[in-house]
Amino acid sequence: MSLEALSPTIITGWLECEHSLTLRLKGSSAPQAFGDFADLVRDKGTAHEEAVLARYEAEGLRVLRVPEKGDRKFEQWAADSLGLLDSPGVDVIYQLPLVHNSIKGVADFLVKVPSDGTYSEWEPVDAKLARSEGKPGHLLQICFYSEAVESLVGAPPKLMHLELGSGTRESYRFEEFGPYWRRMKIELARASEGGAPLAETEPEPCSFCDYCDFQKICETKWRDEDSLVFVANLLKGDRQALKDAGIETLEALATASESTALPSERFDRVHEQAALQREYRNSESAPIPFRHLEPGDDPTWGHGYSHLPKPADGDVFFDLEGHPLFTAEKGIFFLFGLTYEENGEWIYDARWAHDFESQERQAVELVAFFEERRRQFPAMHVYHYNHTERSSLCSMTADTEASVSFAHMSSTGLFIDLLTVVRNSYQMGIESYGLKQLEKVTGFDRSDGIEAGSGAVLLYENYVKGGDSSLLDAIAVYNEDDVRSTKVLRDWLVEHRPDGLRWREAELPEYDNNAELDELEFQLLKFDQGTNEHLLGNLIGYWRRERSAQMTPLRELVSQPVADLVDEEKVITELSVLHRETVSVNDETGAVKETATFTFPEQDVDEDWGKDKSKFFIAGVDGETNFANRNAIDLEQRTISLTWSRDPGKQNLLPISVIPDDWVSPKVKEAALMAAASDILTNPNSLPDVTKEILRQNKPRFFEGKGPKGGIFNDDIDEMVAWISELDRSVVAVQGPPGTGKTYRGARMVRKLINEGKRVGICAPSYAAIGNFMEAVVKLHQEEGGFELKASQKIPGSKSAKPLAPDVYYATSPKTVANPKYNLVGGTSWFFCGKEIIENPVDYLIVDEAGQMSLADIAAMSLHVTNVVLLGDPLQLEQVSNAVHAEGSGQSSLEYMLDGAMTIAEDRGVFIEETRRMHPSICHFISTQIYEDRLKSHESCDQQVVEGYGAGLRWIEAHHSDNSTESTEEAELIAAKMKELLGANWTDQDGNQRPLEAKDFMVVAPFNKQKDEIRRVLELDPDLAPIAESVGTVDKFQGREAPVVFFSLTTSDGEDLTRGADFLFSRNRLNVAVSRARSLAYLVCTEALLGTKASKVDDMRLIGTLNSFVEEASEA
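Per UniProt numbering: the sequence shown = residues 1 to 1116.
Below, the structure is given as structure tokens:
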């Protein structure tokens, strides 16, 4: 069967659910009715499309409306409409039918844009209700329209667009997403033409179910087959494993005594869940059975009651009602419902919000209500069911003065999610653990009326349209049921709570409580968004948010059961005491400090595990955690010595698992920003000019009549050196792609500044990067002279005292390094925020690898310098950020200055457009996919070839399955190709020829396990063994290069991903890996991996880049 009769909409459904296409190809019965809520979604989508059309016409664009199809066949309609593309005087074509490769669809809009002939003058635009970004299916649709346009006019559109419900237009480069679309067409053809038998697809619950034509068919099939999908909390992977073991029904799972399909503990859980559901459905009218979970080694399962505090006066039960489609731009929470005791009576408190201003006001007032009630009743809590209430309240108050209060309430445990308590305390004979299902257990009786949350949405929509207040009364009854049901559930949990358990403490200790920071943040966030004050309010909390976000997953990871950690590279587990060394008690506080040495079994951890780390998280057998200091580690002997403390009266925690804590206290940087925040509140003009320029993302400012000609930057070295000293209390960014010589240019800028009497600071994310830049300046001084150099660099300790470069004074003392006699000073962001350098400031701060340094860091350092130069590339290794930050406060400094662009605009800074590393065929791929086609290869790179193998991209197709983080197959393919290449003549960019040697190869692997496996395979061959040292993860190789580079992707297919598509398919990592190659870049992966389905638009771009590589590559 061909692709005939498929449409972009059908393809979107297939992307979400392969089985939907199977049913369609089988000719299953007519589509099912969507239902009222789906109809509402459809109507809102139509209204949004019409609003976009009206806006175009209001803007004065000449819109051509395509005549309707009428009785014509689609193909005839499309053929009759082709001439409309040549219509004179038309700016927009509305509803143009397109047919290409037997796929047919109707483009919402084609918009005419200026074109030089390289790209089409027609670009597709689709109107979608999505708010923040499009979805993969949306992108596939406009990719189809783009490809169809290309087939008609002979050139592809440069951009394709989505008009989002938020009122913003998202634009996407077709070159970035076209490869993914073409790969999906290959996968689609296989699915629809017999390449994959129809019987192989099975229905699986997914996000598409609510909008699928065949929803009822699938649900009927599941019921008829007694499917495992109805077993509560059974994961998709577990279902498949059970099916593979012959356990395919709820009945079979409920009656199975044992199975090796799942780990024994996991099997026992799902078996018991199925057995309880079977027991209930086989009974006539018996109560729903349930069982209490006994606490065990697992820190979560069985420990639900540890999250439940003792009932207290003042407790509140809280539920929200919202309309997700209130406007095309965003949804609204229109009802904040509460029940609490007032004067001895439990009352229902309905707080309405009918517009966004009142929604924010209600949220702020509710936080104030909770704050005041907690003051009155210190042991009270706010109970809700599932995370929506807490997370939504967080979002609604994020940019208000209430955000600090809310953050304090949240971190100190005011909000109690009863879903967490229930799921980890009980198993029940119900198909889901939703609140309404639980009412069958708790005995709560609802009022007649609305049966589901979507019903409240529909009633509110009718209220908005007609103003009938009785509809609000019906919604309030439904919401009151929800909050009262939540209270009944809490009371049921208390009633059935086993004896002997400890209540969770009423108020949790707050991490890094800083009242001064809280107050400053509170005051600054009162200013309007977009002001320096408001952004500074978000920046001063940057490090605290990062620490909180970093600690949570580390604690969760290290506290997992030992059985789940034995294969975890980040954790050493199964510690056993070798000997206890000392126990001491602090005379003043009574705190107990203990030191012990542990041994552990052989584990697959990275060779640098714990290196240079002094602090660790530790976890005991019950999942409790603590901090510890490292005394000594010997990975070969498998021993570790730790010291930890505990408060008096607390039970001793004997570590069984340990993970490095790589957090370095930002106190000095935090203090710098807090001082500036305090000053700006009393003197609004106190912020230094350069800091203002950074926060406002302003274009570089120069002395009058100075700077680059016409305000347009280029990468000419002489021009850069000429204007660098003309900066006027401002910031300039220099984006340097791989091999473009940003450090070379930076060193010459330093020479110019020193010659003009300026004092220059050099900062970077690591001591090594600082040392590399300092070495480049020293080398320039030695080879060309022309300036007097007095340089110093801060180093972390005496072990680093070995000079990285001559003529640089290295010291551990900040005071020594900051001495004003030095005209070039190097140090980290901690150093440049310290009092020593503040007392002896530099005139210019040059930040290398600024794409890896946060905006908060740069803002803090800029407070005591005159000008800032940002060197780096946010498209290579990126800044690591764990938390969610408002207003761009979590971005890297370069990312922030680029303001959403991939490459810097010519009036905002320098883009270095020529690489002297990559052969043109490699550079072309990197340039078109990563750098918006702005990067070129120096003409000398064209002669970098390997005799008999040429130059460019090469794909080695691997064949394997079920591999996640290790692939012997790929390691052996790499070794075989290396063996073949060794000794082949290689010509460098100067025309010199020599045979390829071991030093000419580099291998990049995404996982430590694969790195070790490739090394193992290489070391089996004496000729290849020396190359083993040149195998590593991508982080190891930034700044390095080799004639031949291999990149092993390792994972067999999308189902085997362990760390998400954004890790394995990272464009930044692919950029760094491929751009190390001077002549040949080999990608090693399976074809199945290329067909990985994306769940997000960003993932589409990532996977598309990989497919673009394969499209351009020659088979190796």
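A virtual CB, placed ideally from N, CA and C, is assigned to each residue, including glycine.
Through-space distance from Arg-239 to Thr-46, alpha-carbon basis:
Along the sequence shown, one-based indexing puts residue 46 at 46. Along the sequence shown, one-based indexing puts residue 239 at 239. One C-alpha to the other measures close to 39 angstroms.
For Gln-793, write down the residues that DSSP places opposite it in a beta bridge.
On the sequence shown, position 793 is the one that residue 793 refers to. Paired residue(s): Tyr-810 and Gly-826.
Closer than 7 angstroms by C-beta to His-387: which residues in its own chain qualify, once you throw out the five before and the five after it? Chain order, please.
Mapped onto the sequence shown, residue 387 falls at position 387. Taken in chain order, the residues that qualify are Asp-417.
Based on DSSP bridge pairs, tell me the residues matched to Leu-335.
Looking up residue 335 in the sequence shown gives position 335. Glu-321 and Trp-352, per the DSSP bridge assignment.
What's the gap between the Cα of Ile-450 and the Cα of Val-441?
Counting from 1 along the sequence shown, the entry for residue 450 is found at position 450. Counting from 1 along the sequence shown, the entry for residue 441 is found at position 441. Taken atom to atom, the span from the alpha-carbon of Ile-450 to that of Val-441 is near 20 angstroms.
CB-CB under 6 angstroms to Leu-653, same chain, minus the five flanking residues each way: which ones, in chain order?
Here residue 653 corresponds to residue number 653 of the sequence shown, with the count starting at 1. Gly-620, Glu-624 and Asn-626.
Determine, using beta carbons only, whether Ser-641 and Ala-632 come nearer to each other than 7 angstroms.
One-based indexing of the sequence shown puts residue 641 at position 641. One-based indexing of the sequence shown puts residue 632 at position 632. The answer is yes: Cβ separation under 7 angstroms.
What number of angstroms, rounded off, separates the C-alpha of Asp-313 from the C-alpha of Pro-289?
Within the sequence shown, residue 313 is the residue found at index 313, counting from 1. Within the sequence shown, residue 289 is the residue found at index 289, counting from 1. Near 32 angstroms, if we compare the C-alpha coordinates of Pro-289 and Asp-313.
Candidates Asp-71, Ala-677, Val-945 and Val-111: closest to Glu-516 by CA position
Here residue 516 is taken as the residue at index 516 of the sequence shown, counted from 1. The shortest C-alpha separation from Glu-516 is found at Ala-677.
Which residues mark the beginning and the end of the alpha helix (DSSP H) in which Arg-65 is found?
As a working note, residue 65 is residue 65 in the sequence shown. Looking at the DSSP string, Arg-65 is not in any alpha helix (DSSP H); the run it does join, the beta strand (DSSP E), is 63–65.
Between Val-865, Asn-985 and Ala-1005, which has its C-alpha nearest residue 1119's C-alpha?
With the chain covering only 1 through 1116, there is no way to say anything about residue 1119.
Straight-line gap, Leu-21 to Cys-206 (C-alpha atoms, nearest Å):
For the purposes of this step, residue 21 is taken as residue 21 along the sequence shown, with counting starting at 1. For the purposes of this step, residue 206 is taken as residue 206 along the sequence shown, with counting starting at 1. Taking the straight line from one Cα to the other gives about 14 angstroms.
Please say whether Val-825 and Ser-792 have beta carbons closer to each other than 7 angstroms?
Here the question's residue 792 lines up with position 792 in the sequence shown. Here the question's residue 825 lines up with position 825 in the sequence shown. In this structure, Val-825 lies closer than 7 angstroms to Ser-792 by Cβ.
Terminal residues of the continuous alpha helix (DSSP H) containing Ala-764?
Locating residue 764 in the sequence shown gives position 764, where the first residue counts as 1. No alpha helix (DSSP H) contains Ala-764, which DSSP labels as neither H nor E.
Report yes if the CB atom of Ser-937 is closer than 7 angstroms to the CB atom of Thr-903, and no otherwise.
The residue you call residue 937 lines up with position 937 of the sequence shown. The residue you call residue 903 lines up with position 903 of the sequence shown. No.
Relative to the C-alpha of Leu-419, which residue among Tyr-385, Glu-170 and Val-842 is closest?
Taking the first residue of the sequence shown as 1, we reach residue 419 at position 419. Cα-wise, what sits closest to Leu-419 is Tyr-385.
Other residues of its chain near Ile-11: CB distance less than 7 angstroms, five sequence neighbours each side excluded:
Translated into positions along the sequence shown, residue 11 becomes position 11. So the qualifying residues of the chain are Leu-140 and Leu-188.
Per DSSP, what kind of secondary structure is His-864 in: helix, strand or coil?
For this step, residue 864 is matched to residue 864 along the sequence shown. His-864: coil per DSSP, three-state reduction.
Starting from the C-beta of Ser-81, find all residues in its chain whose C-beta is less than 7 angstroms away, skip the five residues before and the five after it, and write them out in chain order.
Locating residue 81 in the sequence shown gives position 81, counting from the first residue. Answer for Ser-81: Val-66, Leu-96 and Pro-97, listed in chain order.
Can you tell me the Cα-Cα spacing of Asp-873 and Ser-927, whole angstroms?
In the sequence shown, counting from the first residue as 1, residue 873 sits at position 873. In the sequence shown, counting from the first residue as 1, residue 927 sits at position 927. So the two alpha carbons sit approximately 14 angstroms from each other.
Is the Cβ-Cβ distance between Ser-405 and Val-367 less than 7 angstroms?
Translated into the one-based positions of the sequence shown, residue 405 becomes position 405. Translated into the one-based positions of the sequence shown, residue 367 becomes position 367. Contact flag set, yes.
Please go through the same chain and pick out, in chain order, the residues whose beta-carbon is closer than 6 angstroms to the beta-carbon of Glu-389, but skip the five residues on each side of it.
Here residue 389 corresponds to residue number 389 of the sequence shown, with the count starting at 1. Excluding residues within five positions, the ones whose Cβ falls inside 6 angstroms are Phe-318 and Leu-320.
Rank Asn-343, Gly-337, Pro-378 and Asn-714 by C-alpha distance to the C-alpha of Gln-362 and give the top, closest one.
Your numbering for residue 362 matches position 362 in the sequence shown. The candidate whose alpha carbon is nearest that of Gln-362 is Gly-337.
Figure out for me which residue from Asp-907, Arg-169, Asn-963 and Gln-277 has the closest Cα to the Cα of Phe-230.
As a first step, residue 230 is located in the sequence shown; it is residue number 230 there, counting from the start. Minimum Cα distance to Phe-230 is reached at Gln-277.
By Cβ distance, which residues of its chain are closer than 6 angstroms to Val-750, with the 5 residues on each side in sequence left out?
To locate residue 750, count along the sequence shown from 1; it is residue 750. Taken in chain order, the residues that qualify are Val-760 and Val-777.
Whole angstroms is fine: what's the gap from Val-464's alpha carbon to Arg-42's?
Residue mapping note: residue 464 aligns to position 464 of the sequence shown, counting from 1. Residue mapping note: residue 42 aligns to position 42 of the sequence shown, counting from 1. Using only the alpha carbons, I get a separation of about 18 angstroms.
Three-state secondary structure assigned by DSSP to Pro-97
As a working mapping, residue 97 is identified with position 97 in the sequence shown. Shown here, Pro-97 sits in a strand according to DSSP, grouped into three states.
At least 3 beta-carbon pairs within less than 8 angstroms: the region 1031–1049 vs the region 1073–1086:
yes
Return the chain-ordered list of same chain residues with a C-beta closer than 6 angstroms to the C-beta of Val-562, the five sequence neighbours on each side being excluded.
As a working note, residue 562 is residue 562 in the sequence shown. Same-chain partners within the cutoff: Thr-573 and Glu-574.
Can you check the region 602–685 for any alpha helix (DSSP H) of at least 4 residues that lies completely inside it and give the ranges in chain order?
667–682
Residues that Arg-994 bridges to, as DSSP identifies them
As a working note, residue 994 is residue 994 in the sequence shown. Trp-986, per the DSSP bridge assignment.
Out of curiosity, what's the CA-to-CA distance linking Ser-470 and Ala-476?
The residue you call residue 470 lines up with position 470 of the sequence shown. The residue you call residue 476 lines up with position 476 of the sequence shown. When rounded, the distance between both Cα atoms is 10 angstroms.
Limits of the alpha helix (DSSP H) - the one that His-138 falls within:
Taking the first residue of the sequence shown as position 1, residue 138 is located at position 138. First-last of the alpha helix (DSSP H) with His-138: 136–153.
Distance between Cys-1085 and Leu-845 (C-alpha atoms, nearest Å):
Mapped onto the sequence shown, residue 845 falls at position 845. Mapped onto the sequence shown, residue 1085 falls at position 1085. For Leu-845 and Cys-1085, the distance between alpha carbons rounds to 43 angstroms.
With a cut-off of 7 angstroms, does the C-beta of Glu-248 fall near any C-beta of chain D?
The structure shown contains no chain D, having only a single protein chain.
Taking only runs that begin and end inside the region 423–497, name each unbroken alpha helix (DSSP H) of 4 or more residues, in chain order.
As summarised for the region 423–497, the continuous alpha helix (DSSP H) elements at least 4 residues long and confined to that stretch are 435–442, 453–466 and 469–495, given in chain order.
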